[in-house]
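J.:
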Amino acid sequence: MIKKDYILISIIGFLFGILLYPILKNIQLPFLQLNAFTMTLIVLFFVVFSNIALAIAFLIGKKIPFVIQFSKFAAVGAVNSVLDWGILNVLITLSGVAAGPLYALFKAASFIIANINSYFWNKLWVFPGKAKMTFHEVMQFFVVSAVGLVLNVATAALVVNGIAERVDGFSPKQWANIGAASATIISLAWNFVGYKFIVFKEKTIS
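Under UniProt numbering, the sequence shown has 43 at position 43, and the numbering climbs by one with no breaks.
#1: Within the continuous alpha helix (DSSP H) that includes Asp168, where are the two ends?
#2: Inspect the beta-carbon positions of Val82 and Phe16 and report whether they are closer than 8 Å.
#3: Throw me the rounded Cβ distance for the Ile18 and Leu54 pair, which I believe falls under 8 Å.
#4: Below 8 Å on the Cβ atoms is my contact criterion, and I expect Ile113 with Ala176 to pass it. Report the Cβ-Cβ distance as a whole number of Å.
#5: When we look at the beta-carbon of Val153 and count the other beta-carbons within 10 Å, is it buried (16 or more) or exposed?
#6: In the structure shown, what three-state DSSP assignment does Val144 receive?
#7: Helix, strand or coil: which one does DSSP assign to Ala98?
#8: Within the continuous alpha helix (DSSP H) that includes Val160, where are the two ends?
#9: Give me the Cα-Cα distance between Ala164 and Thr134, rounded to the nearest whole angstrom.
#10: Under 8 Å between C-beta atoms, does Val167 make it to chain B?
Written out as C-alpha cells, the structure is:
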C-alpha cells in the first residue's frame, strides 16, 4: 500500500462517519444516543476500520490482484452510498416527506449528486489511467450511471411505495432508508461491472 492510498482511504473513512449523522438522526436507533462524543467515536472507528480493511485487501491482493481494485471500489461505493443517503435524509427532514412521488424525486437528486462524486473517485483512484478526461469516457460513465440511476430509483420506490405498504414493523423514515440500502446494492453491482468493463476497461489495476 502506498502513502496516497492511506490518505485517500482515511478521507473516505472520515467522510463516511460524518455523513452517517443525518441518516442516524432520521432512523432514530433506540440503542444509540447521538451527541458529539458518540459521533467522534463513530468517525474515528471508520477511519481506523477503513485503513485496516484496505491493508488486508492489499495482503490478499498479492495473490489475487482483483481484490485490491474491488476493495477500492467498495470503499468509494460506501462513501457514495452514505452521501446518497445523507442527502436523501436531509431532504426528508427539511420537507417532512418520506414516501410517494416526491420521495422518488429526492432519491433521484441524491443519487445524481453522489454519482458525480463517484466519477472522480473511480477515475483517479479505483481505475487509474490517463489523467485527462475525454468526452467519450464521460459520456460512457453517465450512460452506465443513468442505467444505475433507473435501477436505484426503481428499487427504492418499489420498496418504499410497494413492499412497505404490505409489511409492518418499521416507521416511514426507516422504510425510506431500507429502500435506499436495497437500491444501493443493486446499483453498486451494476456500476462496478459497467465501470470496469465499459468505461475504464483499458485502465490497469494500481
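Ideal placement from N, C-alpha and C gives every residue a C-beta, glycine not left out.
T.: Concretely, from the data shown:
#1: Mapped onto the sequence shown, residue 168 falls at position 168. It is not in any alpha helix (DSSP H) - Asp168 carries neither H nor E in the DSSP assignment.
#2: Start at 1 with the first residue of the sequence shown, and residue 82 comes out as number 82. Start at 1 with the first residue of the sequence shown, and residue 16 comes out as number 16. Contact flag set, yes.
#3: Here the question's residue 18 lines up with position 18 in the sequence shown. Here the question's residue 54 lines up with position 54 in the sequence shown. About 19 Å; that fails the 8 Å criterion.
#4: Here the question's residue 113 lines up with position 113 in the sequence shown. Here the question's residue 176 lines up with position 176 in the sequence shown. With a Cβ gap of about 17 Å, Ile113 and Ala176 do not count as contacting.
#5: By 1-based counting over the sequence shown, the position of residue 153 is 153. By the neighbour-count rule (16 or more Cβ atoms within 10 Å), Val153 is buried.
#6: Along the sequence shown, read from residue 1 onward, the residue named residue 144 stands at position 144. Helix.
#7: Taking the first residue of the sequence shown as position 1, residue 98 is located at position 98. DSSP places Ala98 in coil when its eight states are reduced to three.
#8: Position 160 of the sequence shown, counted from the first residue, corresponds to residue 160. Unbroken run through Val160: none, as it is neither H nor E.
#9: Taking the sequence shown and counting its residues from 1, the one referred to as residue 164 is at position 164. Taking the sequence shown and counting its residues from 1, the one referred to as residue 134 is at position 134. Looking at the two C-alpha atoms, the distance is approximately 43 Å.
#10: Of the chains in the structure shown, none is chain B; there is only one protein chain.
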